[in-house]
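> In this note's numbering, the protein residues as written are 179 to 342.
Built from N, CA and C at the ideal position, the CB exists for glycine as well.
None of these values were measured; they are calculated from a predicted model.
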């Protein structure tokens, strides 16, 4: 086999070889949402009553990356809890207070005004609350969404289930 033929065969075989991009599943569709496009709904009962959410991308109940927008009313406390995956959030409106640990300690919490960002590693115990104003945040995580309350009695879904 002459050199020219060998080079041509090598080039052809490299073009036909599968690449990581060719093996990857197709990308999800692009998402562009104006405020009026959001579909608000009550949050699941594991979150405090009055919290609303809109799914921006992904599926919070399936495996994969998800971003939610949450509206949290004034005077709402998210009791100490943790998640099995990391999460990050951006405060869009209002002041969101967040603290670390197994007890709500408002003196130790950090006030995060609009345009603030926080990132929490998986299994990190934390709590959050709103004061006199409601808050809107964008929350991103790798699903499915799970929340585990440090003190099971703080789980709003358990409280709701025991009411007549």
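Report, in whole angstroms, the separation of the C-beta atoms of residue 224 and residue 335, which I expect to be a contact under 8 Å.
Indeed, because the Cβ distance is near 5 Å, the residues count as touching under 8 Å.
> State the CB to CB distance for the pair residue 316 and residue 263, rounded to an integer number of angstroms; the pair is presumed to be in contact (CB under 8 Å).
With a Cβ gap of about 16 Å, residue 316 and residue 263 do not count as contacting.
> Skipping 5 residues on each side, what residues in its chain have a beta carbon closer than 8 Å to that of residue 328?
Excluding five sequence positions before and after residue 328, the CB atoms of its chain that fall closer than 8 Å to its own CB belong to 257, 258, 259, 260, 280, 303, given in chain order.
> What is the DSSP secondary structure of residue 335, counted as helix, strand or coil?
helix
> Buried or exposed: where does residue 239 fall if 16 or more other Cβ atoms within 10 Å of its Cβ makes it buried?
exposed
> Starting from residue 260, trace the beta strand (DSSP E) in both directions and tell me its first and last residue.
Start and end: 255-260.
> Under the rule that 16 or more other beta-carbon atoms within 10 Å means buried, what is residue 174, buried or exposed?
In the structure as shown, the chain begins at 179 and stops at 342. Residue 174 is therefore absent and cannot be evaluated.
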